[in-house]
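Numbering (my numbering), first residue to last: 568 to 1052.
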């Protein structure tokens, strides 16, 4: 909640790639006196142009209900929650793994990320023409390329290979739409675009510690390196994942917070463990994230969705402080002194999504809070480095990183390490943070993990989600559906 760069601007015409609506908040009408480039050649306005790309991350369709459903409720770590009668549109189907291509969650996640990509492409189109200070221009281009890569990373994990649009386009250009927007690239080609953007961003961006004041929280060199390390991990490029995560670890910019529970509280925002967060304030908050997962009942703090599963509860080792920092149990006294009453509907909630109205900034608006959303954190990088080291046969290096994580969690150090023990540490460290579903997919553990919670994972189909049916219809069948849907 530290940054001041989260506000919408009068800027350039940006239109949803999904062809659904226009972004009036980024619309400037040129006249004979002031052209778009004249307007943007003011450094403050150029920064605001890029802020408009960041702002998309706060929208409801970006990281709220649909993203939560696809990345968490699907997994063995979470249940739908809320009430039996409240399906959350399609969240019951996410929970039961019975989802189909017409479900709104897929439409939201697809559209939101292409909206973000379209904003990024338009920003890059203008930034590259500006005559502002070269250092600032270089940095802003790096920030936008990081943000575009992040959207494509979400898309490739969810849907596999997707259309790659990397330039400003005119949605009235039917030929371009048919031959570019409605043509899927392979998974490998999508990852190559992510790598290309991030390598360029790394060369342009400053270290986290070089940002000060209102700029703290903008994309940094470490953020681009961390995302690239994660992209390499997902592709099983072990040496590259090891090298890139080592760059982050050795940079001297990051360290674990002493108290694990602080990572997702206001006190931990943009601190030493933070590599990249979606920045929120009381005046421009994160829409829906806290509200969707807030306790439901009396008093009503939210909708009550995405509740930790009993299987997650029972998986923790005795004495692991991450359990009580992740799972808000009912009844209990919360960290801020609030009493969690038995009048709440569910026995457990996601503690990491809890926004304190007592001890943190609060204006009474449950639907748009000042809670930052953690996207990349240092403990994630330690575990990426550990997994890559293990796969390369360097179990000693892997054990070192895992034991750093375990000691912070209040657990004894291990003297040896198996791959399943490493995966368990990742599960506990990252629980309810939207990685579990992707982790069990990429490690081949999905069918066994879901069978253990009584759900049937369809091998050969559910490794990816369906392409939204409305996109296939809009493409005239040019977009191809994923197998089995």
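No residue lacks a Cβ here, since even glycine has one placed at the ideal position from N, Cα and C.
Who does residue i pair with in a DSSP beta bridge?
i           : result
residue 944 : 841
residue 872 : 648
residue 552 : Given that the chain is displayed from residue 568 to residue 1052, the structure contains no residue 552 and the question cannot be resolved.
residue 728 : Answer is none; residue 728 lacks a bridge partner.
residue 906 : 900
residue 864 : 911
residue 936 : 853
Spatial neighbours of residue i within its chain, please: C-beta separation below 8 Å, excluding the five flanking residues on both sides.
i            : result
residue 1082 : Since the displayed the chain opens at 568 and closes at 1052, residue 1082 lies outside it and no answer follows.
residue 889  : 827, 883, 976, 995, 996 and 998
residue 1018 : 1024
residue 822  : 839, 840 and 945
residue 1028 : 1049, 1050, 1051 and 1052
residue 981  : 966, 969, 970, 973 and 988
residue 704  : 613, 694 and 697
residue 993  : 950, 954, 1002 and 1006
residue 644  : 875, 876, 878, 879, 994, 998, 999 and 1003
Leaving out five residues on either side along the sequence, give the residues of the same chain with a beta carbon under 7 Å from the beta carbon of residue i.
i           : result
residue 750 : 730 and 1045
residue 818 : 774 and 789
residue 807 : 799
residue 951 : 796, 797, 800, 808 and 812
residue 892 : 827, 828 and 918
residue 904 : 925
residue 805 : 955, 958 and 959
Identify whether residue i lies in helix, strand or coil by the three-state DSSP scheme.
i            : result
residue 720  : helix
residue 1046 : coil
residue 587  : Confidence at residue 587 is low in this model, with a pLDDT of 36, below 50, so its placement is unreliable and the value that follows should be read with caution. Reduced to three states, the DSSP call for residue 587 is coil.
residue 619  : helix
residue 603  : helix
residue 1038 : helix
residue 756  : helix
residue 614  : helix
residue 853  : strand
residue 703  : helix
residue 739  : coil
residue 608  : coil
residue 1032 : coil
residue 833  : helix
Can you list, in chain order, the residues of its chain whose CB lies under 6 Å from that of residue i, leaving out five sequence neighbours each side?
i            : result
residue 679  : 628 and 629
residue 620  : 686, 687, 690, 711 and 714
residue 640  : 647, 658, 661, 662 and 873
residue 776  : 820
residue 1054 : Nothing about residue 1054 can be reported from this structure: the residues present for the chain run from 568 to 1052 only.
residue 736  : 743
Counting only beta-carbon atoms, is residue i nearer than 8 Å to chain C?
i           : result
residue 768 : This model lacks chain C altogether, as it is built from one protein chain only.
**Asked** Given 8 Å as the limit, is there contact between the segment 792-800 and the segment 825-833, that is, 3 or more CB pairs closer than that?
**Response** no
**Asked** Three or more C-beta pairs closer than 8 Å, one from the segment 996-1013 and one from the segment 833-852: is that the case here?
**Response** no
**Asked** Whole alpha helix (DSSP H) runs in the segment 945-1018 with 4 or more residues, listed along the chain?
**Response** 945-958, 962-975, 986-996, 1003-1009 and 1013-1018
**Prompt:** At which residue ranges does the segment 767-826 contain complete alpha helix (DSSP H) runs of 4 or more residues, listed in the order of the chain?
**Reply:** Listed in chain order, they are 788-801 and 805-816.
**Asked** Can at least three beta-carbon pairs, one atom from the segment 857-875 and one from the segment 641-649, be found at a separation below 8 Å?
**Response** yes
**Item:** Stretch-stretch touch, CB-based, cutoff 8 Å, three pairs: the segment 602-620 with the segment 982-996
**Value:** Contact fails: fewer than three Cβ-Cβ distances are below 8 Å.
**Asked** When the Cβ atoms of the segment 737-747 are set against those of the segment 764-771, are three or more pairs found closer than 8 Å?
**Response** Because the criterion of three Cβ pairs below 8 Å is not met, the segment 737-747 and the segment 764-771 do not touch.
**Prompt:** Are the segment 952-965 and the segment 926-936 in contact at 8 Å, needing three or more beta carbon pairs?
**Reply:** Segments in contact, no.
**Message:** Quick check: the segment 722-729 against the segment 1029-1037, are at least 3 beta-carbon pairs closer than 8 Å?
**Reply:** yes
**Asked** Hey, is the segment 690-703 in contact with the segment 601-609, meaning 3+ C-beta pairs nearer than 8 Å?
**Response** Using a Cβ-Cβ distance cut-off of 8 Å, the segment 690-703 and the segment 601-609 are in contact, since at least three pairs of beta carbons, one from each stretch, lie closer than that value.
**Request:** Write down every uninterrupted run of the alpha helix (DSSP H) in the segment 649-692 whose length is 4 residues or greater and which is fully enclosed by it, in chain order.
**Result:** 658-663
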